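Enquirer: The working numbering numbers the first residue of the sequence shown as 732 and each following residue consecutively.
Handing you a structure now.
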Amino acid sequence: MDVTVTKADGRYEARVDDRPAGLMDYRDENRLMVITHTEVAPEFEGHGVGGALVRTALDEWRKEGRRVLPLCPFAKAWIERHPEYADLVTGSHS
């Protein structure tokens, strides 16, 4: 399954075969990226859409030197399963 992720204002959006597949909302709080919600359409659950959303955002934010606060349970669990992203995470608002 080929997932395409694009950035929109305050969210990342995922598409599969040009169909909406999921989204991840965030807030930029003075360079602290607060992940507030991740949602995947039921027909795409379990196919890596949520992971593609989180990974794309984290890769971009790493390049920009930003920190991350994952309030969304999915994003938090995904990061815990991928320790190579743990250095981006902060425990609270700074």
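Yeah, the Cβ is synthetic: ideal placement off N, Cα and C, and Gly gets one too.
These numbers come from a predicted model, not from an experiment.
1) Can you have a look at residue 789 and say buried or exposed, based on whether 16 or more other CB atoms are within 10 angstroms of its CB?
2) Thinking residue 819 and residue 766 are a contact (beta carbons under 8 Å), I'd like their distance in whole angstroms, please.
3) Am I right that residue 821 and residue 785 are in contact with their C-beta atoms under 8 Å? What's the rounded C-beta distance?
4) Select from 772, 805, 737 and 815 the residue whose C-alpha is nearest the C-alpha of residue 782.
5) Starting from residue 804, follow the alpha helix (DSSP H) in both directions and report where the run begins and ends.
6) If the criterion is Cβ atoms closer than 9 Å, does the pair residue 777 and residue 734 meet it?
7) Between the beta-carbon of residue 762 and the beta-carbon of residue 741, is there less than 9 Å?
Expert: Checking against the coordinates, here is how it stands:
1) buried
2) The pair is not a contact, with the Cβ atoms about 11 Å apart (cut-off 8 Å).
3) Wrong, their Cβ atoms sit about 16 Å apart, outside the cutoff.
4) 805
5) 804 to 812
6) no
7) no
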